[in-house]
Structure formats: C-alpha cells, structure tokens
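Scroll down for the structure; my scribbles are underneath it.
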Amino acid sequence: MKKEQIEKIVHDDGIGMSLIVKTVARMMIAVILLFGFYIIIYGHLTPGGGFAGGVILAIAYTLMMLALSRKIALEKFSDFWASFWDNIGMLSFIVIGFIGLSVGYFLYNFLWHGEPFHLISAGIIPLANISIGIKVGACLYAIFIGLSIYGRVIVKEEEE
Amino acid sequence: MALFIVILILMIAGSVVAVEIKNMLSAVIAAGIVGFGVSVMFLFLKAPDIAITQVIVEVLSLIILIRITTNADNEAIEKKIDNFANIVGLIFVGLFVAFCFWAFVDMTAFGTPIMRVSQHYLSAGLEETGAANMVAAVILDYRAYDTLGEAVVIFTSILGAFVILRSRGKKKLTEKDMEKVGIPE
C-alpha cells in the first residue's frame, strides 16, 4: 500500500477510530514493535524473553487493526503471512533441537557460550528466543484475525 | 504480606463483581482486575519475567474479550435459585477446600522453597549455559523440552482455531470435492 493511500485512510472519518487515535497509533506502533524486538533479543540478559516479546509484537499489529483499519492491517500483515511466520517459528525451534541432536542430545546447547552479560552469548538461547518470539507473535495475531474478521473477509471475497 | 492480603481481597471482589454484574463490558473489565492483581503479586515476589508476561497477555486477552463482547448479545440470564444445585456445589467446594488443607499442611512455609535442584541451577547455571537471565537459562536450556511442549500446544490450538473459525466462510461442496474426498453418493 502506498503512502498516499494510508494518508487518505487516516484522514477519512468513516474508517477506523478518530483522527487523534489514528495519528497517535501510527506513531506508537513503531515504538511498540521496537520494544517487542528488544524484549526478544535481550531475553537471555534481562527479564522477558520470547513469549513476552512475541505478545508485544502481536499487540502492535492488533493496535493497527483496531485503530487504523482492518484493511491496512491485513495489507501490512495478512492472515497467510501470519500463518507462514507461525510455521517458520515452530520449525526453526525444532530444527535447532535436531542440530543439537546431531552433536549431543536433543536441544543441546551446541554453540559457543561466549562471555556472560554480552549480547552474543549463551549459545542457542537467543536463537530459540527469536524463534519462539516470531511464533508467538504471529500466532496471537492470527487468533485475533480469526476471532474478529475471518468469516466476514472470506464471505466478502466470494461475493466479489 | 499486608499488601498481598489487600491485593487478594481486591481480586476476590473483582471476580465476584465479574460474576454478578449484568453488563458484559463491565464484567470483562472486572475480570481484568484479577489478572493485573496477579501480575502485581508476581512483581513483589521478585519474578519480573512472569509479571511482564502476565500483564501483556492480560492486555491482549482483555482486548479480544472486549472486541467480542461489544458485539455479542448483552442480555443477562434470568436468575433461578436451584437449592439442590447450591447445596451440592457447597458440599463439593467444602470437600475441595478440606483436601487442599490436608495436602498443603505438609508443605514448607511460604518463601522457603526446597532448593535441591534449583540450588544447582543458581550456582552452576551461568557457567553451564552462559545466560545472565537464569529464567531464560532454565526454560530454554535445562527445561527446553517443556518450552517445546508449550510451543506445540499454542501451535495446535491456533490450527484448531483456524479450522473452527473458517467454517462460516467455507465454500460449498461440489461434485469435484466429493470425488477428491471419496464421499459415496
């Protein structure tokens, strides 16, 4: 979707919530996404981790869907891609486990542990955090899509 | 401890309001008190990981519940007092509380857990895994199987949710589909 179309939707009173909510939501979504990625990537150093960060990512897209409109949210991140990233996250976690199996045992921490308190440390733990974060974020966003709009969108496509 | 008792009373009051109130939106918001109270308690018990997860999941579940209940049928069900059901319910709740008391009376006091396995995690966890956050070290290294199981549970639940929620928009059966699935005529 091009920038002019988004501007048009933001200034249209008929779509989504009021202009103030839409403007603030557009500014906040990027910050919320950044905070979610921070919680995921620093999961092995600070409180948080894959699950909490993933839910924050899902909340950012849920805010986009509620405040702006269903059209923009599905244009940015459709239900197909939510399902796709859900599968990718699950698959990558299992693949990490099986690589460990080829070295020692299942989910073996095979990578170099590094120095403690550094960003690149703790072997597979950051990788597993990232895969779980992607999985949980896409999955909860997909649940929100399914609960709020799923039937309606498909019926609409059939009518067209 | 006094803070915990205040939060516990608030949570019980919130759940009673959620059950008794007639407006659905107010009931959902009152149910949210329980979740946020739990997250505050986790924070004071020095478990920030769980507190973060609890508060975020509570926000998302409240958004989903409000989104659903604002469109749903908002009429309250008429109250019928069923004495037999009330008495049976009270008896079973009493039995449950009694068994809980017998089960919990042998446990260690609040705040003094048995540190047999967890002492090893705390003392050797940083060397063995290299993770500064001990919670991440436990859930993704020592107990990674549990995390895998949790991820599989969420994955399966979203599969089920997709299958159930799609049913409204499914296309109608044609003869071609019947051939593919093998439905006899």
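Respectively, the protein sequence lines represent chains X and C. Under our numbering, read the first sequence as residues 1 to 160, first letter to last. Under our numbering, read the second sequence as residues 161 to 345, first letter to last. All residues carry an ideal CB built from backbone N, CA and C; glycine is no exception. Being a predicted model, the structure only gives us computed values, none of them experimental.
* **Limits of the alpha helix (DSSP H) - the one that K71/X falls within** => If you number the first sequence from 1, residue 71/X lands on position 71. Segment R70 to K76, the alpha helix (DSSP H) holding K71/X.
* To do: Name, please, each residue of chain C whose Cβ falls closer than 8 Å to the Cβ of H113/X.
  => Position 113 of the first sequence, counting from 1, holds the residue named residue 113/X. Residues of chain C passing the Cβ test: T289 and G290.
* Asked: At a Cβ threshold of 8 Å, is V313/C touching chain X?
  -> To locate residue 313/C, count along the second sequence from 1; it is residue 153. By this cut-off, V313/C is not an interface position.
* To do: With M17/X as the anchor, note down where its alpha helix (DSSP H) starts and where it stops.
  => Against the first sequence, residue 17/X aligns to sequence position 17. Run containing M17/X: none; DSSP gives neither H nor E here.
* Taking 8 Å as the cut-off, decide whether the C-beta atoms of K2/X and V10/X are in contact. => Mapped onto the first sequence, residue 2/X falls at position 2. Mapped onto the first sequence, residue 10/X falls at position 10. Their beta carbons are not under 8 Å apart, which means K2/X does not touch V10/X by this criterion.
* Flag G133/X as yes if its beta-carbon sits less than 8 Å from any beta-carbon of chain C, otherwise no. => Locating residue 133/X in the first sequence gives position 133, counting from the first residue. Chain C, which has no Cβ nearer than 8 Å to the Cβ of G133/X, makes this no.
* Asked: So, is the C-beta of D301/C closer than 8 Å to a C-beta in chain X?
  -> Position 141 of the second sequence, counted from the start, is the residue given in the question as residue 301/C. For D301/C, the answer is yes, since a Cβ of chain X falls inside 8 Å of its Cβ.
* From this set, S121/X, I72/X and S148/X, which residue's C-alpha is nearest E4/X's C-alpha? -> Mapped onto the first sequence, residue 4/X falls at position 4. That would be I72/X, whose Cα lies nearest to the Cα of E4/X.
* Simplified DSSP state of F203/C, which is helix, strand or coil -> Along the second sequence, read from residue 1 onward, the residue named residue 203/C stands at position 43. According to the sequence shown, residue 203/C is Leu rather than Phe. Three-state DSSP puts L203/C in a helix.
* State the start and end residues of the unbroken alpha helix (DSSP H) segment that holds I172/C. => Within the second sequence, residue 172/C is the residue found at index 12, counting from 1. Taken as a continuous stretch (DSSP letters only), the alpha helix (DSSP H) holding I172/C covers A162 to E180.
* Asked: Does the stretch 49-57 of chain X come close enough to the stretch 137-150 of chain X that 3 or more CB-CB pairs lie under 8 Å?
  -> yes
* Along chain X, in chain order, which residues have C-beta atoms closer than 8 Å to that of A191/C? -> Position 31 of the second sequence, counted from the start, is the residue given in the question as residue 191/C. What A191/C touches in chain X: nothing, since even the nearest Cβ is about 17 Å away.
* At which residue ranges does the stretch 254-299 of chain C contain complete beta strand (DSSP E) runs of 3 or more residues, listed in the order of the chain? -> none
* Asked: If you check the beta carbons only, do G50/X and G43/X fall under 8 Å apart?
  -> Position 50 of the first sequence, counting from 1, holds the residue named residue 50/X. Position 43 of the first sequence, counting from 1, holds the residue named residue 43/X. Yes, they are a contact pair.
* Asked: To the nearest angstrom, how far is it from the Cα of I299/C to the Cα of F117/X?
  -> Stepping through the second sequence from its first residue, residue 299/C is reached at position 139. Stepping through the first sequence from its first residue, residue 117/X is reached at position 117. Looking at the two C-alpha atoms, the distance is approximately 18 Å.
* Is there at least one Cβ from chain C nearer than 8 Å to V95/X's Cβ? -> Position 95 of the first sequence, counted from the start, is the residue given in the question as residue 95/X. Cβ-Cβ to chain C under 8 Å: no for V95/X.
* A122/X - DSSP class collapsed to helix/strand/coil -> Working through the first sequence from its first residue, we reach residue 122/X at position 122. In the structure shown, A122/X sits in coil (DSSP, three-state: anything other than H, G, I, E or B).
* To do: Would you verify that the beta carbon of F322/C is, or is not, closer than 8 Å to some beta carbon of chain X?
  => Residue 322/C sits at position 162 when you count from the first residue of the second sequence. Yes, because at least one Cβ of chain X sits closer than 8 Å to the Cβ of F322/C.
* Asked: A190/C and V200/C look like a contact to me (Cβ under 8 Å); what is the Cβ gap, rounded to whole Å?
  -> The residue given as residue 190/C occupies position 30 in the second sequence. The residue given as residue 200/C occupies position 40 in the second sequence. So it is not a contact: roughly 16 Å between Cβ atoms.
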